[in-house]
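S.K.:
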Amino acid sequence: MKEVFFDIKKYSYIKGDNIDVSFIPMLIRRKLDLYGRAALYTLYKVYDNESKELVFASCYGDVDRVIKLIKQRQTDGEVSPSGFSSSVHNAAIGLFTLLEKNKKSYNSISAGKESVSAGLLESIMIGDSIFCYSESLGGVESVAISIERNNDGAFCLSENSEDLPAKDGFDDLVKFLDGESDLFISRLYTIRRLPK
C-alpha cells in the first residue's frame, strides 16, 4: 500500500444520551431517536457548508428502532412504513444529505467489528470527504471527521506491515483524534500523526 498523506480539518464525537439537536427543524427532529441524533450532531459539528462526499459506517445500525419494528410485526402483523424507512442502515446519512441538499455521493459501510476502520479507510481513500461512524448497541456513540487529502498533511496512512495488533474501535479513534495516541492501528493499515 502506497502511503497517503492527509489532514483532519475538524472532528467531533459524542457518547451517551445528552444530545442537543435543537438546530435541526422540529419536524425532522421528532423523527430522530438517539442514534440518528448522535449521527447528525457529529456531522453538523464538522460540516462547513461544502458539498463533500460522505462515508457512513455502523456495525449494527439503529438497533432500538429495528427491535421496535420486529415487535410491531409480531403484534400487528405489519410495520410502519415511516418506521421502516428510518431503520435502514443509511437513514441518518441520507437525512443529512436531504437537509443540506448535498448531491455528492455517499457510501454506507457495515463491516462488523471493523466498521470504524473500514469506513475511515474508505473516507481517506476518497480524499476530501466527511466520515461518520455511529452506533447504538451498548450505548449511543458517534464520531465525524472532515478529511482533506494533502501531500504535506499531518497524518500518514500506510500498510500495517509490522502486523501490529489492531486498536481500531470507537474509543481508540477518539484517543487518536484527541492526541492521546500517535497511532491508530487497523488489521490492514496504520495511521500515524506526523511530527510537526
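Counting the sequence shown from 1 gives a position; our numbering is that position plus 23.
Every residue, glycine too, gets a C-beta built ideally from N, C-alpha and C.
Just so you know, these numbers come straight off a predicted model, no measurement behind them.
Assign residue 41 to buried or exposed, taking buried as 16 or more other Cβ atoms, counted over all protein chains shown, within 10 Å of its Cβ.
M.R.: Flag for residue 41 reads exposed.
S.K.: Where DSSP assigns a beta bridge to residue 204, which residues make up the other side?
M.R.: Looking at the DSSP assignment, residue 204 forms no beta bridge with any residue, so it has no partner.
S.K.: Do residue 209 and residue 140 have their C-beta atoms closer together than 7 Å?
M.R.: Yes, these two residues count as a Cβ contact at 7 Å.
S.K.: In angstroms with no decimal places, state the Cα-to-Cα distance between residue 30 and residue 94.
M.R.: Cα to Cα, residue 30 sits roughly 45 Å from residue 94.
S.K.: Check whether the stretch 156-173 and the stretch 122-131 touch, using three or more Cβ-Cβ pairs below 8 Å as the test.
M.R.: No contact exists between the stretch 156-173 and the stretch 122-131.
S.K.: Who does residue 190 pair with in a DSSP beta bridge?
M.R.: In DSSP, residue 190 forms a bridge with 208.
S.K.: Specify whether the stretch 49-65 and the stretch 76-94 touch according to this definition: at least 3 beta carbon pairs, one from each stretch, less than 8 Å apart.
M.R.: Cβ pair count under 8 Å is three or more, so yes.
S.K.: Quick one, are the C-beta atoms of residue 92 and residue 110 less than 7 Å apart?
M.R.: Yes, the Cβ-Cβ distance between residue 92 and residue 110 is below 7 Å.
S.K.: Report the partner residues of residue 96 according to the DSSP bridge assignment.
M.R.: Partner(s): none; residue 96 has no beta bridge.
S.K.: Does the beta-carbon distance from residue 67 to residue 197 come in below 7 Å?
M.R.: No, Cβ-Cβ distance for residue 67 and residue 197 is not below 7 Å.
S.K.: Apart from the five residues just before and just after residue 173, which ones in its own chain have a Cβ nearer than 7 Å to its Cβ?
M.R.: Excluding residues within five positions, the ones whose Cβ falls inside 7 Å are 28, 29, 30.
S.K.: Assuming residue 113 contacts residue 79 under a Cβ cut-off of 8 Å, what Cβ separation, rounded to an integer in Å, is found between them?
M.R.: Their Cβ separation, rounded to whole angstroms, is 6 Å, which keeps residue 113 and residue 79 in contact under 8 Å.
S.K.: Determine the DSSP secondary structure at residue 87, reduced to helix, strand or coil.
M.R.: Here residue 87 sits in helix by DSSP.
S.K.: Which first and last residues belong to the beta strand (DSSP E) in which residue 217 is found?
M.R.: Taken as a continuous stretch (DSSP letters only), residue 217 belongs to no beta strand (DSSP E), as it is neither H nor E.
S.K.: Could you tell me the distance, in whole angstroms, from the CA atom of residue 77 to the CA atom of residue 157?
M.R.: One C-alpha to the other measures close to 13 Å.
S.K.: Going by alpha carbons, who is nearest to residue 166 out of 206, 213, 186, 70?
M.R.: Here the closest residue by C-alpha is 70.
S.K.: Below 8 Å CB to CB, which residues in the same chain sit around residue 202 once its five sequence neighbours on both sides are set aside?
M.R.: Answer for residue 202: 216, listed in chain order.
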